[in-house]
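Written out below as structure tokens is the structure these notes cover.
Number of protein chains: 2
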Amino acid sequence: MINTQVKLAARPVGNPKESDLLIEESATPSIQEGEVLIKTKYISLDPAMRGWMNEGKSYIKPIQIGEVFRAGTAGQIIESNNPDFVVGQYVTGGWGVQEYAVSTGKDLVKVDTNIAPLTTYLATLGMPGMTAYFGLLDTGLPKEGETVVVSGASGAVGSVVGQIAKIKGCKVVGIAGDQEKCDYCVNELGFDACINYKTEDVRKALKTACPEGIDIYFDNVGGEILDIVLGQIRMKARIVICGAISQYNNTEPVKGPSNYLALLVNRAKMEGIVVFDNAANYGKAAREMAGWIHEGKLQSKVHIEKGIRNFLPTMMMLFSGKNFGKLILEVE
Amino acid sequence: MINTQVKLAARPVGNPKESDLLIEESATPSIQEGEVLIKTKYISLDPAMRGWMNEGKSYIKPIQIGEVFRAGTAGQIIESNNPDFVVGQYVTGGWGVQEYAVSTGKDLVKVDTNIAPLTTYLATLGMPGMTAYFGLLDTGLPKEGETVVVSGASGAVGSVVGQIAKIKGCKVVGIAGDQEKCDYCVNELGFDACINYKTEDVRKALKTACPEGIDIYFDNVGGEILDIVLGQIRMKARIVICGAISQYNNTEPVKGPSNYLALLVNRAKMEGIVVFDNAANYGKAAREMAGWIHEGKLQSKVHIEKGIRNFLPTMMMLFSGKNFGKLILEVE
Numbered sequence: 001m002i003n004t005q006v007k008l009a010a011r012p013v014g015n016p017k018e019s020d021l022l023i024e025e026s027a028t029p030s031i032q033e034g035e036v037l038i039k040t041k042y043i044s045l046d047p048a049m050r051g052w053m054n055e056g057k058s059y060i061k062p063i064q065i066g067e068v069f070r071a072g073t074a075g076q077i078i079e080s081n082n083p084d085f086v087v088g089q090y091v092t093g094g095w096g097v098q099e100y101a102v103s104t105g106k107d108l109v110k111v112d113t114n115i116a117p118l119t120t121y122l123a124t125l126g127m128p129g130m131t132a133y134f135g136l137l138d139t140g141l142p143k144e145g146e147t148v149v150v151s152g153a154s155g156a157v158g159s160v161v162g163q164i165a166k167i168k169g170c171k172v173v174g175i176a177g178d179q180e181k182c183d184y185c186v187n188e189l190g191f192d193a194c195i196n197y198k199t200e201d202v203r204k205a206l207k208t209a210c211p212e213g214i215d216i217y218f219d220n221v222g223g224e225i226l227d228i229v230l231g232q233i234r235m236k237a238r239i240v241i242c243g244a245i246s247q248y249n250n251t252e253p254v255k256g257p258s259n260y261l262a263l264l265v266n267r268a269k270m271e272g273i274v275v276f277d278n279a280a281n282y283g284k285a286a287r288e289m290a291g292w293i294h295e296g297k298l299q300s301k302v303h304i305e306k307g308i309r310n311f312l313p314t315m316m317m318l319f320s321g322k323n324f325g326k327l328i329l330e331v332e
Numbered sequence: 001m002i003n004t005q006v007k008l009a010a011r012p013v014g015n016p017k018e019s020d021l022l023i024e025e026s027a028t029p030s031i032q033e034g035e036v037l038i039k040t041k042y043i044s045l046d047p048a049m050r051g052w053m054n055e056g057k058s059y060i061k062p063i064q065i066g067e068v069f070r071a072g073t074a075g076q077i078i079e080s081n082n083p084d085f086v087v088g089q090y091v092t093g094g095w096g097v098q099e100y101a102v103s104t105g106k107d108l109v110k111v112d113t114n115i116a117p118l119t120t121y122l123a124t125l126g127m128p129g130m131t132a133y134f135g136l137l138d139t140g141l142p143k144e145g146e147t148v149v150v151s152g153a154s155g156a157v158g159s160v161v162g163q164i165a166k167i168k169g170c171k172v173v174g175i176a177g178d179q180e181k182c183d184y185c186v187n188e189l190g191f192d193a194c195i196n197y198k199t200e201d202v203r204k205a206l207k208t209a210c211p212e213g214i215d216i217y218f219d220n221v222g223g224e225i226l227d228i229v230l231g232q233i234r235m236k237a238r239i240v241i242c243g244a245i246s247q248y249n250n251t252e253p254v255k256g257p258s259n260y261l262a263l264l265v266n267r268a269k270m271e272g273i274v275v276f277d278n279a280a281n282y283g284k285a286a287r288e289m290a291g292w293i294h295e296g297k298l299q300s301k302v303h304i305e306k307g308i309r310n311f312l313p314t315m316m317m318l319f320s321g322k323n324f325g326k327l328i329l330e331v332e
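Chains A and B, in that order, give the protein sequences. Read in the UniProt record's numbering, the first sequence has 103 at position 103, and its numbers run on one by one without any break. Read in the UniProt record's numbering, the second sequence has 277 at position 277, and its numbers run on one by one without any break.
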């Protein structure tokens, strides 16, 4: 069997291009005692991937040049020399952008596709869902009746943040870059409002939607929108810094939030989160969220593109906002 | 008796100038039943004053045009129709930049000049000391062995922050704009190091002084130094936003911290503080700090200028860094 792998070839400047990647074909390795062979079904595309391509200190070490591109993955065991895994078992892990992978099983999580489709384990029950769950509940600390604003509102993280905030009795206002996405947040997910930042004056629209100000802002985008929100926070507001997708392909320095002194005026807090810190509690969170899914309180949308060779253009959809729902690459 | 008063005449753009103030002489009003007449001895000069001159939402309402300039004050009761106050009693309050003031006594705090000189009640035992105490202890949450960096290190707030951090067993690195101030922090106050930002490369000097990174940054200055510190914070660092003196006279937008995503990488927190929120606990803090003063663990330096008509040039010393120690105007 031929194993197609996508490797990092060069560190991009600004937008990544095809020459920054190397697509290689090689023989699929045979497994040793204790190992399993996995056939990749789905590859998760996440904004954080752009950061992993850069050199320098971050919350996780960069992908090395020549290394298989790091990614969250879901697949099926097709050969097993490990008594813990039977052939046919579905698993998730982070074996990267390749069609086949060998594993000792240590980093694999067995998943039950009777509870939720395999793609859900890369979305609401995977890293994006965990990010939303712990970021909102443990750092945002929502209280009933508070106003929560979330950017990237229809995305894999934002859509879960908004729905959990509704479950907790908050007023929820989304910000997204497309009318269809905004309508989905309001009509399907039950947000109280959603602002289209491409067509609306975000400052005015936020004032209208949140006349008493903003208690929690869950920020996936950074840039100008973070600044506008800071101008409208309430006393003791919490800003959860989850990401800054607007800044990831910048060749200029990141735009810092000019209104950060609003933190002082309002005795407010801005705090960064990284999902991996909650690994010990993923199971508990997944059980609670699976319950909400079954009760119909937590919906999700998946956007599937096909073909491992389309990895780069698919990833770039995240930055142009062309995906609608959790972006996943299906490996055929 | 003639009462000289300094009032706000216009809202300044950039650096305040004499025409933004009005110096008026009028008859000192006579006191009614229940009131006292205070002779102002000392007026506190604080960076926050610049913000009070601006229109717009802040943690406290702006000084109105035509209103006596707001200021922390210390003085002596010279007439009393209030049984709670005897003539000769020293008091502190916030009756503003004027030679005499009438008060019902409700907003006055009686102080004992046998415990500490009257000026200390505008410094370490006044608002700057309270800001340092609650900002460091309740928001910075210092733990023994951690590294604390404080800007405006020799100032009224910074010098207290550094000394309390030493009392709590931290390593303390100051940042100041003058070699004499730096030497004072290290030699007199016991800081472990102090960086002169006007002559040293702050980035390199901080790396040398804090090779393991920074756990707490108490920020009085904002601007470029905040950005440099963010680049060197440790996991779970706490940034206490107390002020941004470098930005207060800007006519351009405030410089936002371009490195704010270091909060994400390091799961760190940036939080704004306003001293007034702790009013209920000032007494307890003052008693603890008075104890430290008596044990010689908490020193302070006062910089006194004279003459109420020198209010504006004296206040402006704060922004050029020309004062050395807590800046106070003595009313003769």
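For glycine and all other residues, C-beta sits at the position ideal for the given N, C-alpha and C. Source: prediction; values computed, not measured.
Review point. Are the Cβ atoms of Thr124 of chain B and Lys326 of chain B separated by less than 9 Å?
Key: The residue labelled residue 124 of chain B in the question sits at position 124 within the second sequence. The residue labelled residue 326 of chain B in the question sits at position 326 within the second sequence. Thr124 of chain B places its beta carbon less than 9 Å from that of Lys326 of chain B.
Open item on the list: Tell me the residue span of the beta strand (DSSP E) that contains Glu33 of chain A.
Closed with: The residue labelled residue 33 of chain A in the question sits at position 33 within the first sequence. That residue, Glu33 of chain A, is in no beta strand (DSSP E); it is neither H nor E in DSSP.
*For a contact meaning CB atoms closer than 9 Å, what does Tyr100 of chain A contact in chain B?*
Within the first sequence, numbered from 1, the residue matching residue 100 of chain A stands at position 100. Within 9 Å Cβ-Cβ: nothing; Tyr100 of chain A doesn't reach chain B, min ~33 Å.
Give the secondary structure of Arg123 of chain B by DSSP, where H, G and I count as helix, E and B as strand, and everything else as coil.
-> Your numbering for residue 123 of chain B matches position 123 in the second sequence. Looking at the sequence provided, one finds Ala at residue 123 of chain B rather than Arg. Secondary structure of Ala123 of chain B (DSSP, three-state): coil.
**Prompt:** Can you find a CB in chain B that lies within less than 9 Å of the CB of Asp277 of chain A?
**Reply:** Here residue 277 of chain A refers to the residue found at position 277 when the first sequence is read from its first residue. It does; some Cβ of chain B falls within 9 Å.
Mind listing the chain A neighbours of Ala280 of chain B? Cutoff is C-beta to C-beta under 8 Å, in chain order. Here the question's residue 280 of chain B lines up with position 280 in the second sequence. Those do not exist, as Ala280 of chain B stays about 15 Å from chain A at its closest Cβ, beyond 8 Å.
Would you mind working out which of A:Ala209, A:Gly231 and A:Arg203 sits nearest Ala193 of chain A, comparing C-alpha positions? Numbered from 1 along the first sequence, position 193 holds the residue referred to as residue 193 of chain A. That would be A:Ala209, whose Cα lies nearest to the Cα of Ala193 of chain A.
Check: Beta-carbon separation of Tyr90 of chain B and Thr113 of chain B under 9 Å?
Finding: Within the second sequence, the letter at position 90 stands for residue 90 of chain B. Within the second sequence, the letter at position 113 stands for residue 113 of chain B. In this structure, Thr113 of chain B lies closer than 9 Å to Tyr90 of chain B by Cβ.
Q.
Along the stretch 242-256 of chain A, where does the CB come closer than 8 Å to a CB of chain B? Name the residues.
A. The stretch 242-256 of chain A vs chain B, Cβ under 8 Å: Cys242, Gly243, Ala244, Gln247, Pro253, Val254, Lys255 and Gly256.
Counting only Cβ-Cβ distances shorter than 8 Å, please list the residues of the stretch 57-70 of chain A near chain B, keeping chain order. Of all residues in the stretch 57-70 of chain A, only Lys57, Ser58 and Tyr59 come within less than 8 Å of chain B when Cβ atoms are compared, listed by chain position.
Report task. Quick one: list the residues of chain A neighbouring Leu261 of chain B, beta-carbon separation under 8 Å, in chain order. Result -> As a first step, residue 261 of chain B must be located in the second sequence, where it is residue number 261. At a beta-carbon threshold of 8 Å, the residues of chain A lying near Leu261 of chain B are Gly222, Ile241, Ala244, Gln247, Val254 and Gly272, ordered along the chain.
Min CB distance Ala116 of chain B to chain A below 9 Å | To locate residue 116 of chain B, count along the second sequence from 1; it is residue 116. False, the Cβ-Cβ gap to chain A never drops below 9 Å.
Grouping DSSP H, G and I as helix and E and B as strand, with all else coil, what is Arg267 of chain A?
Here residue 267 of chain A corresponds to residue number 267 of the first sequence, with the count starting at 1. Correct three-state label for Arg267 of chain A: coil.
Tell me which residues share the same chain as Gln98 of chain A and place their Cβ nearer than 8 Å to its Cβ, disregarding the 5 neighbours each side in the sequence.
To locate residue 98 of chain A, count along the first sequence from 1; it is residue 98. For Gln98 of chain A, the CB contacts under 8 Å within the same chain, skipping 5 residues up- and downstream, are Asn3, Thr4, Gln5, Val6, Thr40, Val68 and Ile308 in chain order.
Cutoff 6 Å; reference Arg203 of chain A; Cβ partners in own chain excluding five residues on either side: Residue 203 of chain A sits at position 203 when you count from the first residue of the first sequence. Residues of the same chain with a CB within less than 6 Å of the CB of Arg203 of chain A, apart from the 5 flanking positions on each side, are Ile228 in chain order.
#### Entry: Reduced DSSP secondary structure (H/G/I, E/B, other) of Thr300 of chain B
The count along the second sequence starts at 1 and reaches residue 300 of chain B at position 300. Note on residue identity: the sequence assigns Ser, not Thr, to residue 300 of chain B. Residue state, collapsed to three classes: coil.
Would DSSP call Ile228 of chain B helix, strand or coil? Along the second sequence, one-based indexing puts residue 228 of chain B at 228. It is helical.
Cβ of Lys326 of chain A within 9 Å of any chain B Cβ:
Stepping through the first sequence from its first residue, residue 326 of chain A is reached at position 326. Lys326 of chain A has a beta carbon lying at 9 Å or more from every beta carbon in chain B.
request  = Please compile the residues from chain E whose C-beta is within a distance smaller than 8 Å of the C-beta of Ala268 of chain A.
outcome  = In summary, chain E is missing from the structure at hand, where the protein chains are A and B.
Say whether the stretch 38-58 of chain A touches the stretch 9-19 of chain B, bearing in mind that this needs 3 or more beta-carbon pairs closer than 8 Å, one atom from each stretch. Taking 8 Å as the limit for Cβ pairs, the verdict is that the stretch 9-19 of chain B does not touch the stretch 38-58 of chain A.
Range covered by the alpha helix (DSSP H) that runs through Phe69 of chain B:
The residue you call residue 69 of chain B lines up with position 69 of the second sequence. No alpha helix (DSSP H) holds Phe69 of chain B; DSSP gives it neither H nor E.
Margin query: Taking 9 Å as the threshold (C-beta atoms), are Ile77 of chain A and Arg70 of chain A in contact?
Written below: On the first sequence, residue 70 of chain A is found 70 positions in, with the first residue counted as 1. On the first sequence, residue 77 of chain A is found 77 positions in, with the first residue counted as 1. Contact flag unset, no.
- Query: From A:Pro128, A:Thr92, A:Gly145 and A:Leu137, pick the residue whose C-alpha is nearest to that of Ala153 of chain A; which is it?
  - Reply: Locating residue 153 of chain A in the first sequence gives position 153, counting from the first residue. Answer by Cα proximity: A:Pro128.
Beta-bridge pairing of residue 333 of chain A - partner residues as DSSP gives them: With chain A represented from 1 up to 332, any question about residue 333 of chain A goes unanswered, as that position is not in the structure.
Note to self: Output needed for Ile225 of chain B: all residues of its chain with C-beta closer than 7 Å, excluding positions within five of it in sequence on either side, in chain order.
What the structure shows: Locating residue 225 of chain B in the second sequence gives position 225, counting from the first residue. Ser151, Ile175, Tyr197 and Val202.
- Taking only beta-carbon positions, decide if Ser151 of chain B is within less than 9 Å of chain A. Residue mapping note: residue 151 of chain B aligns to position 151 of the second sequence, counting from 1. Interface annotation, Ser151 of chain B: not in contact with chain A, CB-CB separation never under 9 Å.
Problem - CA-to-CA distance, Asn278 of chain B to Ile195 of chain B, given in whole angstroms - result: Mapped onto the second sequence, residue 195 of chain B falls at position 195. Mapped onto the second sequence, residue 278 of chain B falls at position 278. Rounded to whole angstroms, Ile195 of chain B to Asn278 of chain B spans 31 Å at the Cα level.
#### Entry: Three-pair Cβ contact test at 8 Å for the stretch 291-299 of chain A versus the stretch 11-31 of chain A
Result no; under three Cβ-Cβ pairs closer than 8 Å.
### Task
Measure the CB-CB distance between Val275 of chain B and Ser246 of chain B and report whether it falls below 9 Å.
Taking the second sequence and counting its residues from 1, the one referred to as residue 275 of chain B is at position 275. Taking the second sequence and counting its residues from 1, the one referred to as residue 246 of chain B is at position 246. Contact: no.
Practice task
Could you pull out every residue in the same chain whose Cβ sits closer than 8 Å to the Cβ of Ile328 of chain B, ignoring the five residues on either side in sequence?
Solution key: If you number the second sequence from 1, residue 328 of chain B lands on position 328. Tyr42, Ile43, Ser44, Leu45, Thr119, Leu122, Ala123, Val302, His303, Ile304 and Glu305.
message = Can you look up Arg11 of chain A in the DSSP assignment and give me helix, strand or coil?
response = Residue mapping note: residue 11 of chain A aligns to position 11 of the first sequence, counting from 1. In the structure shown, Arg11 of chain A sits in coil (DSSP, three-state: anything other than H, G, I, E or B).
### Message
Quick check on residue 407 of chain B: buried or exposed, where buried means 16 or more other Cβ atoms within 10 Å of its Cβ?
### Response
Nothing can be reported for residue 407 of chain B, as the shown portion of chain B is limited to 1 through 332.
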